[in-house]
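Heads up: the sequence shown is residues 1 to 237, going by the UniProt record's numbering.
C-beta: ideal position from N, C-alpha, C; glycine also.
Here the structure comes first, spelled out in structure tokens, and everything after it is commentary.
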Amino acid sequence: MIKIAVCEDEKETQLLIEDYLENILKDISIEYEIQKYISGEELLESNLKDIDILLLDIKMEKLNGMDTARKIREVDNEMEIIFVTSLIDYVQEGYEVRAYRYLLKPIELEELKKHVLTCIKDIEINKESHITIKNKSNTYKIYLNEIKYIEVQKKDMLIHTINKNFDIKYSLGKIEKELNPYKFIRCHKSFIVNLRYVENIKPNTAILESGEEVPISRYRYKEVKEKFLKFLGDTIC
């Protein structure tokens, strides 16, 4: 079941998006639910944890879309947010709330379809993808979409997730191979970072949306920057 919310204060646009979504989702034979909201305030009063994808108008009265997204990120890091706007002049602010997709008005069916199908694919992958690590008498199942970064401290490996940290005996090189197909990159001899949680890249540091800083070695900076920009390019229309 995929749950999609549309937060749009223009009734005509809201109905158009709903109609387009019905066509897109019926074509792929997926079980779905579409929720509609006319304001950021109404959206925030709902059960946000039930929403997988949010189409969010930026210019709304009272609480605008960007401020609404900031409040959502205080309680939910996984929701896929697609901003609906007339002009792409909020891209930098969008990074702050991990919203990299923008849908320009007037809305076209094919553009909406491209972003929604990509979101659904990412959601399905992220919900199922995990690594299993055996450590002496313990076995850990860790979901990839929850990992922020991984570091090695002496002989211990520390996996930082959104909920807790795992302190285990494991090889960084070995886990790097397991993470290779996903959005992770080795940024330092002792660190691997998940690009999904990176807000900004500096010459020697990756700034995460949580405010945490992950070091980038000098000779890895170019590759890290290129992969981060590609990650953003894959998600910005």
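Roughly how many whole angstroms lie between the Cα atoms of residue i and residue j?
i: R101; j: A5; result: 15 Å
i: V116; j: P215; result: 34 Å
i: I236; j: K26; result: The predicted model places I236 with a pLDDT of 45, which falls under 50 and marks its position as unreliable, so this point remains unresolved.
i: E108; j: T13; result: 11 Å
i: N165; j: I17; result: 40 Å
i: M1; j: E33; result: 7 Å
i: L144; j: T118; result: 18 Å
i: K177; j: I123; result: 22 Å
i: E22; j: S137; result: 49 Å
i: K225; j: L172; result: 21 Å
i: S86; j: K49; result: 28 Å
i: D156; j: E111; result: 46 Å
i: H188; j: P106; result: 44 Å
i: I150; j: Y221; result: 17 Å
i: E213; j: T205; result: 6 Å
i: L43; j: G65; result: 10 Å
i: V84; j: M60; result: 11 Å
i: K154; j: S217; result: 18 Å
i: S39; j: I72; result: 13 Å
i: L158; j: E199; result: 21 Å
i: Y37; j: I192; result: 39 Å
i: K168; j: E78; result: Here the sequence assigns Ile to residue 168, which means Lys is not the residue at that position. In a straight line, the C-alpha of I168 is about 26 Å away from that of E78.
State buried or exposed for residue i, treating a residue as buried only when at least 16 other CB atoms are found within 10 Å of its CB.
i: I125; result: exposed
i: R186; result: buried
i: E80; result: buried
i: I28; result: exposed
i: L55; result: buried
i: L15; result: exposed
i: T68; result: buried
i: Y20; result: buried
i: L208; result: buried
i: D52; result: buried
i: N194; result: buried
i: Y219; result: exposed
i: K174; result: exposed
i: G211; result: exposed
i: R196; result: buried
i: E8; result: buried
i: E57; result: A small correction: the amino acid at residue 57 is Asp; Glu does not occupy that position in the sequence shown. So D57 ends up on the buried side.
i: residue 307; result: Not covered by the structure: residue 307. The range shown for the chain is 1 to 237.
i: I30; result: exposed
i: L179; result: buried
Taking residue i and residue j to be in contact with their CB atoms under 8 Å, please state how far apart those CB atoms are, rounded to whole angstroms.
i: K141; j: H130; result: 6 Å
i: N163; j: E146; result: 6 Å
i: Q35; j: K11; result: With a Cβ gap of about 15 Å, Q35 and K11 do not count as contacting.
i: I201; j: F228; result: 5 Å
Would you please verify whether the beta carbon of residue i is less than 9 Å from any beta carbon of chain C?
i: L21; result: No chain C is present in this structure, which holds just one protein chain.
Report task. Starting from the N-terminal side, write out each stretch of the beta strand (DSSP E) that is 3 residues or longer and does not extend beyond the stretch 56-92. Result -> 80-85
Requested in this report: At 3 residues or longer, and completely inside the UniProt domain "HTH LytTR-type" (131-230): list those beta strand (DSSP E) runs for me, N to C.
Outcome: 138-143, 147-153, 156-161, 165-168, 184-188, 191-194, 198-202, 205-208, 213-215
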